[in-house]
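Taking it in order: structure first as structure tokens, then the write-up.
Number of protein chains: 2
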Amino acid sequence: MATIYEVSKLAGVSLATVSRVMNNNAKVSDKTRSKVLDAMTQLGYRPNSIAQSLASNVTNSVGVLVSELHGGFFGLVMNGIESELRLANKHIIITTGHSDEGQEKSAIDFLIGRKCDALILLVDSVSDEELIKISKAIPTVLINRKVDTLAERCISLDNEYGGYLATKHLLEQGHTDIAYVAGPDWKVDSHDRFVGHQKALQEHNITFNEALYYQGDFNENSGYESFNKLKSRGINFSAIAFGNDEMASGAMKAARENGLILPKDLSIIGFDNNMFASYLYPELTTIDNSAYQMGKMATDIILKDVYKQKNLNISKIINVFEPKLVCRNSVTPNA
Amino acid sequence: MATIYEVSKLAGVSLATVSRVMNNNAKVSDKTRSKVLDAMTQLGYRPNSIAQSLASNVTNSVGVLVSELHGGFFGLVMNGIESELRLANKHIIITTGHSDEGQEKSAIDFLIGRKCDALILLVDSVSDEELIKISKAIPTVLINRKVDTLAERCISLDNEYGGYLATKHLLEQGHTDIAYVAGPDWKVDSHDRFVGHQKALQEHNITFNEALYYQGDFNENSGYESFNKLKSRGINFSAIAFGNDEMASGAMKAARENGLILPKDLSIIGFDNNMFASYLYPELTTIDNSAYQMGKMATDIILKDVYKQKNLNISKIINVFEPKLVCRNSVTPNA
DNA sequence: TTGTAAGCGTTATCAA
DNA sequence: TTGATAACGCTTACAA
Chain A
1365 MATIYEVSKL
1375 AGVSLATVSR
1385 VMNNNAKVSD
1395 KTRSKVLDAM
1405 TQLGYRPNSI
1415 AQSLASNVTN
1425 SVGVLVSELH
1435 GGFFGLVMNG
1445 IESELRLANK
1455 HIIITTGHSD
1465 EGQEKSAIDF
1475 LIGRKCDALI
1485 LLVDSVSDEE
1495 LIKISKAIPT
1505 VLINRKVDTL
1515 AERCISLDNE
1525 YGGYLATKHL
1535 LEQGHTDIAY
1545 VAGPDWKVDS
1555 HDRFVGHQKA
1565 LQEHNITFNE
1575 ALYYQGDFNE
1585 NSGYESFNKL
1595 KSRGINFSAI
1605 AFGNDEMASG
1615 AMKAARENGL
1625 ILPKDLSIIG
1635 FDNNMFASYL
1645 YPELTTIDNS
1655 AYQMGKMATD
1665 IILKDVYKQK
1675 NLNISKIINV
1685 FEPKLVCRNS
1695 VTPNA
Chain B
1365 MATIYEVSKL
1375 AGVSLATVSR
1385 VMNNNAKVSD
1395 KTRSKVLDAM
1405 TQLGYRPNSI
1415 AQSLASNVTN
1425 SVGVLVSELH
1435 GGFFGLVMNG
1445 IESELRLANK
1455 HIIITTGHSD
1465 EGQEKSAIDF
1475 LIGRKCDALI
1485 LLVDSVSDEE
1495 LIKISKAIPT
1505 VLINRKVDTL
1515 AERCISLDNE
1525 YGGYLATKHL
1535 LEQGHTDIAY
1545 VAGPDWKVDS
1555 HDRFVGHQKA
1565 LQEHNITFNE
1575 ALYYQGDFNE
1585 NSGYESFNKL
1595 KSRGINFSAI
1605 AFGNDEMASG
1615 AMKAARENGL
1625 ILPKDLSIIG
1635 FDNNMFASYL
1645 YPELTTIDNS
1655 AYQMGKMATD
1665 IILKDVYKQK
1675 NLNISKIINV
1685 FEPKLVCRNS
1695 VTPNA
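First to last, the protein sequences are chains A and B. Heads up: the first sequence begins at 1365 in our numbering, then just goes up one per residue. Heads up: the second sequence begins at 1365 in our numbering, then just goes up one per residue.
Listed below in structure tokens is the structure:
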């Protein structure tokens, strides 16, 4: 692989001049420039980005930490990040944390060790203090997380409003006996969605009934179980709101196995608007989580703050995205 | 950030010695070692991996190119890659090609420019010749692709056998009027699956009927359309085999809109065993594509060949994975 | 077992 | 507008 040195020799100029035409940040005469360019193509020269990074202290890479690599949410977020970063000729180094504090921390260490210029983090387990410390060492954007002192660097969905929207929709369709199946309560998003549910209930003067609550783990199985558990308690409900689409899907299965006709006998609303939501039968009414948009926004913040990029077509930074109701066929008016 | 130089000063040893304890590849007395280690922790020293890479000519990073970041298949493949690479303390630089030749090529250039130690490629559009050229420049493993001269570096699914399995299953359930909805024929995997379908038919002495064939684009919509198109031709069929699960899902929707009861009136089999396959109603019978395993295997090849890693718990390299039938509820015996 | 010093391929500061 | 040359932070012969 040719180096800058060989290019300079072939072109009959100095190293510095070659570097200048590469970065065109300084005046170089047209004549010299074309000599250099010729030499480059002749040698098939490609700059060694490692050497560039060492010398310039910029790696043009941003570290991304997600919980999992599969799954609709992360896929979309990463999509938003990648598409935006690619345009800017930066790249992604990706790691996973599996919602485990140890793994999340070591992944972050790893990313810092790789000298990423910035970090985009989707973490569940690392503490706020830790995150504050990290963002002092390296520009960091947090997705799905709210840390007060880092507010401008946090991108999140208004989960509470989303939970509110979902239940409100059910209420507006005449349902009053509404069960709620939450995700793990220690996850903020899960918690907030549930709070939103309660608010909507309150607004309609319905007292929250503990017996209509079930806590799952965001996986399909727990949704399946939730239906059976709820049913076994012998209390009536005409609709269930779920903390996410996976659990909703599991419950649909259980409901059908119990002979219910959907949505006639039971209305169901999910959360996330996962890719498969429209594949379900009946097609799942749910709340869109703006995953792609959040990934894109996180990236734009970095492009702007870290890479000083101008003319990004962002009118303004949105830190809290507003969830939207996506009406499909799994909710029907209460008879 | 502390450098190796500061550590050496504080510990009262030379640069070389510090480097030695970091890489522990040479004898260092216990006493010196602990002096160095102390200095390191005292300074909160973290090696600069960029400098390490430049000096050692190893970046410990492997470049990965996939078509999309979302979608079940890629998610699982990436999962297999990441989990394996992480154990080895290597990392992933990820790019996307969107099945477009230009984008795929530039992504590869990008990866090479980043001095990745190896490449894992999932490409549709780049030519075999190009791939051969690339793998001469940098160790490369191809997933979902077969290039003769690169056979040991290709990981793929036996798509033809998968297509065969799917249709055979239908035949064994007594179906004889079987429609086939393929993906784009220019995609090898899609093509091969279709060939497998034909083989199974042949084996049962059924002549392939052009009127029972429809070519979609692997997306849900085209599956939806496929059902209506097939129906409009006025030919009977009691089962449909699909090139992937998404299209199967779309067709299920269309079938139901046409008043069919599934699977009683129509048996359906998919391909891929996408995450959502079990969420569908009826749960989709399909062919598992071993995505995770393929990602893992690709990584193991690199760990072994490039990073000379011993004791990988791989009994042997598998280049062609065997698809497996996953029986669920969308196929029923033909009355 | 430890130290010295020459790279690795760039960028960036001075002079010229 | 160009050219020397010193960093950048590490690895790795070669000596001691």
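Every residue, glycine too, gets a C-beta built ideally from N, C-alpha and C. Only a predicted model underlies this, so the values are computations on that prediction, with no experimental measurement involved.
- Counting only residues of its own chain and dropping the five nearest sequence neighbours on each side, C1480 of chain A has a CB closer than 8 Å to the CB of T1423, S1425, V1426, G1427, I1457, I1502.
- Each of A:I1633, A:F1685, A:A1482, A:K1660 was checked against the Cα of N1653 of chain A, and the nearest Cα belongs to A:F1685.
- Proximity of chain A to E1465 of chain B at the Cβ level (cut-off 7 Å) is not reached, the minimal Cβ distance being about 16 Å.
- The DSSP-derived three-state label of Q1579 of chain B is strand.
- M1365 of chain B is classed as exposed because its beta carbon has fewer than 16 other beta carbons within 10 Å across all chains shown.
- Taking 8 Å as the cut-off, the beta carbon of G1580 of chain A is found closer than this to the beta carbon of G1547 of chain A.
- Residues of the region 1413-1424 of chain A with a C-beta less than 8 Å from any C-beta of chain B: S1413, I1414, A1415, S1417, L1418, T1423, listed in chain order.
- Inside the region 1619-1676 of chain A, DSSP marks whole alpha helix (DSSP H) runs of 4 or more residues at positions 1655-1669, from first to last along the chain.
- The beta carbon of G1461 of chain A sits no closer than 8 Å to any beta carbon of chain B.
- Taking 8 Å as the threshold, the shortest C-beta distance from S1654 of chain A to chain B does not fall below it.
- T1459 of chain A: member of the beta strand (DSSP E) spanning 1455-1460, first to last residue.
- A distance below 7 Å between beta-carbons, with the five flanking residues on each side excluded, links C1691 of chain B to the following residues of its chain, in chain order: T1649.
- A direct Cα-Cα distance of roughly 9 Å separates E1370 of chain A from A1403 of chain A.
- Segment contact: the region 1611-1626 of chain B against the region 1619-1627 of chain A, fewer than three CB-CB distances shorter than 8 Å; contact not assigned.
- If you draw a straight line from the Cα of K1551 of chain A to the Cα of Y1645 of chain B, it is about 30 Å long.
- L1576 of chain B is positioned such that its CB atom lies closer than 8 Å to that of I1542 of chain B.
- For L1449 of chain B, the enclosing alpha helix (DSSP H) has its first and last residue at 1436-1451.
- When CB distances to chain B are screened at a threshold of 7 Å, the residues of the region 1581-1611 of chain A falling below it are E1584, in chain order.
- Contact note: K1479 of chain B reaches chain A through N1412, S1413, I1414, using a C-beta cutoff of 8 Å and chain order.
- A1662 of chain B sits close to I1484 of chain B, with the two beta carbons spaced by under 8 Å.
- Apart from the 5 residues on each side of it in sequence, E1647 of chain A sits with its Cβ closer than 6 Å to the Cβ of R1692, N1693 in its chain, given in chain order.
- Per DSSP, V1371 of chain B is one residue of the alpha helix (DSSP H) stretching across 1368-1375.
- Here the alpha carbon of K1395 of chain A sits roughly 21 Å from the alpha carbon of T1367 of chain A.
- Per DSSP, the beta bridge partners of A1546 of chain B are B:Q1579.
- Take the alpha-carbon of S1413 of chain A and the one of L1486 of chain B: they are about 24 Å apart.
- Relative to L1440 of chain B, the option among B:K1660, B:Y1671, B:Y1656, B:N1675 whose CA is nearest is B:Y1656.
- The beta-carbon distance between L1433 of chain A and T1460 of chain A, rounded to whole angstroms, is 6 Å. This is short enough to meet the 8 Å contact definition.
- Excluding residues up to 5 positions away in sequence, T1396, K1399, V1400 lie with their Cβ nearer than 8 Å to the Cβ of V1377 of chain A in the same chain.
- Between the C-alpha atoms of S1602 of chain A and F1558 of chain A there is a straight-line separation of about 18 Å.
- Residue pairing of I1484 of chain A in beta bridges, as defined by DSSP: A:V1428, A:V1505.
- Sixteen is the threshold: when 16 or more other Cβ atoms of the shown chains lie within 10 Å of the Cβ of R1509 of chain A, as they do, the residue is buried.
- Setting aside the 5 residues that flank it on each side, D1492 of chain A is surrounded in the same chain by V1511, each with a C-beta closer than 7 Å to its C-beta; the list follows chain order.
- At a C-beta separation below 9 Å, N1443 of chain A has these neighbours in chain B: E1432, L1433, H1434, T1460.
- In this structure, I1633 of chain B sits near A1530 of chain B, with a CB-CB distance shorter than 8 Å.
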